[in-house]
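A short worksheet on the structure shown next.
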Amino acid sequence: MASMVQPSEHLDELPRSLLDSVLFVEKIVLNRNSSALAVITADRQLLEVKQRSIVTCLDLGGCGVGDIRQANHEPPVVSSIFGALSPTKPDEEIDRRIVLSVFRSIDGADRKVFYLLEMERKLVVVERKQSPCLRFVHCQTFEGFIKLVITERDDRPGCPVVKIYVEQQLEPIVTDFHSYRMESSADSVNNFTCFHEILKALKERVNQRRAELTALQAVTGELFEQINGQLKHVPSLLRTENPDERQPLVKYGDVWTKVHNGLLVIGVPVFNCTYKRRLTLTNLKLFLKNPDQQKPFEYYFKYYQLKDDDFNFKNWEQILESEDIISDVPLFQQEWIQPKINALHPGQTAILLATAKLSHLKTIQLSTVFECFVTYDVATTGQDSCPGLQLFVGLVEVKRTDLYSVDLAVVFNGRDTFKDLLAITATSEYLALELTFETVPKRGFHRFCIETLKFRLINHGCAAEELHQEELPNILYYDDNGYWRSMLIRLDELKPTRQKMKIYCT
């Protein structure tokens, strides 16, 4: 029990703004390693203070508590079998005191903490909630409060309850504040007579659900093996007796990622391996799936083909002897195009790109994982038919720190130059121009961009190297913070009096 005087032991643990208005302070032990201060101010505010900071608060004025400093009550009248009893003078002094009790209610796995405030012949019950954030919630206010006793249930040892004695009622109110329903001690005994039967029924239901889950897991495993077998093996229409031709229809390169213009670009190089059967693959698509999201992930798909395919293979035998996954990246000696017909003929290479907005990613997470699949159909003739095929190309992990780092940015460094060019092409609009001169200029257009506008040269050899004066660049890129930022100029044809180009910009 604590009186409403200026506290002195905890002054160093309170904020300075509360020192002039504090009426009551009591230290509450929350657990073995944590404690807090329960503070009541003159303006009827219940506060919880930790490390000189206010964590949460509750206005006691809305709970039926009047002015604490000027409380003046008539002596309560208590009914009993001996008639009406009036309190003595010491009882009136108790009305001007504040008592805080902590009650921890346990009901199975549900544990709650309540503050029981005794003031002005009232008992104010406040719940201390911690999910989703710490806050005080007013539960109940008992008028005409006399006293309370924290004890255990007679029928459930170890389960704490509160017995509340109020005026005009002989029997105490017994409750644990879980349902905020007040019961007498006699009624509470009847409510838990069938507790063991209920627990037994729940255990039987849990065992039944476990058996059903085991059966579903077995059925799901069989279906997965069946579907996975269909995806791995070539359909009967495409099977051959020649062991050399039992190769995958599509080989794929390493999956790569880039970030440009606020978009995430994921690319997969694919190669048609049907050298002898001469099968045409159609409707190639790159499918992305995020296991953490229930809804389909929103992205855009683009299909590119190269005018000059070169995988650094010397002959077809070397391709047949290589592994399924292509380790060498393609070299782009000419410009790539977006064909009108999505078809990949034997021996041709394509790049499958998926672009997604960075705002669609869960940037709060440390990383986002995508499952990448390549789906395609096989063109058939006559009455032959072939179901669509699917190829799992791997997992792509995009870390939150990589979205704004140099690792995924367009830097034109080494053998990743082709990725940078594709990232710019897939995320930018381009304008085709033709520049003509009446006479041969003293300084070409490319020199004007390099020397005056400060563009950078990009060599076709997948490396950003300085060119000699007599050599002509293929690509100009502006990577500085200026008006031409992130602009790329591709020089398709260069003659003394005519220059064809494509300008890529956001």
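Quick note on my numbering: the sequence shown kicks off at 36 and runs consecutively. Glycine included, C-beta positions come from ideal geometry on N, C-alpha and C.
Work out the CA separation of Val60 and Ala77 for me, nearest whole Å.
Computed Cα separation, rounded: 12 Å.
Nearest-angstrom Cβ-Cβ length linking Phe480 and Leu470, presumed shorter than 8 Å
6 Å
For Ile141, count neighbouring Cβ atoms within 10 angstroms of its own Cβ and tell me buried if that reaches 16, exposed if not.
exposed
Determine the direct distance from the alpha carbon of Ile493 to that of Ile524, and round the result to whole angstroms.
Each residue's alpha carbon lies about 10 Å from the other.
Pro508 to Pro381, Cα distance in whole Å?
Residue confidence is low: Pro508 scores 48 on pLDDT, short of 50, so the model does not pin down where it sits. Its coordinate-derived value is still stated next. Cα to Cα, the separation comes out at about 33 Å.
What are the complete beta strand (DSSP E) segments, minimum 3 residues, inside the stretch 310-337?
With a minimum length of 3 residues, the continuous beta strand (DSSP E) runs that stay inside the stretch 310-337 are 316-324.
Who pairs with Trp519 in a beta bridge, going by DSSP?
DSSP, once it has assigned bridges, lists no residue as partnering Trp519.
Hey, out of Ser88, Leu284, Gln165, whose CA is closest to Leu316's CA?
For the residues Ser88, Leu284, Gln165, the minimum Cα distance to Leu316 belongs to Leu284.
In whole angstroms, give me the CA-to-CA distance for His295 and Leu466.
18 Å
Of the choices Ala389, Gly193, Pro476, whose alpha-carbon is the least far from that of Phe408?
Ala389
CA-CA distance, Ile485 and Leu511?
8 Å
Could you tell me if Ile75 is buried or exposed, where buried requires 16 or more neighbouring beta carbons within 10 angstroms of its beta carbon?
buried
With respect to the alpha helix (DSSP H) encompassing Phe483, which residues constitute its N-terminal and C-terminal limits?
480-486
Quick check on DSSP: helix, strand or coil for Ala444?
coil
Determine whether the beta carbon atoms of Glu162 and Ile133 lie at a separation below 8 Å.
no
If contacts are defined as beta-carbon pairs under 8 Å, then His435 and Leu393 qualify, I think. What distance do you get, rounded to the angstrom?
The question names His, but residue 435 is Arg in the sequence shown. That pair is no contact at about 10 Å.
Unbroken alpha helix (DSSP H) run spanning Ile459, endpoints
452-462
Please return the same chain residues whose Cβ sits closer than 6 Å to the Cβ of Ser136, not counting the five positions on each side in sequence.
Leu151
Buried/exposed call for Ile301, threshold 16 Cβ in 10 Å:
buried
Contact check, Thr292 vs Leu298, beta carbons under 8 Å
no
From the DSSP output, in three-state form, read off Ala467 for me.
Reduced to three states, the DSSP call for Ala467 is strand.
Does DSSP classify Ala73 as helix, strand or coil?
strand
What first and last residue would you give for the beta strand (DSSP E) that runs through Val294?
291-295
Is the beta carbon of Leu54 closer than 8 Å to that of Leu575?
Here the chain comprises residues numbered 36 to 541, so residue 575 is not present and cannot be evaluated.
Give me whichever residues DSSP pairs with Tyr539 in a beta bridge.
According to DSSP, Tyr539 bridges with Tyr465, Leu523.
Status (buried if at least 16 other CB within 10 Å, exposed otherwise) for Pro304
buried
Determine the burial state of Phe472: buried for a count of at least 16 other Cβ atoms within 10 Å of its Cβ, exposed for fewer.
exposed
Opposite Leu379 in the DSSP bridges: which residues?
Leu316
Helix or strand or just coil, what does DSSP make of Leu54?
coil
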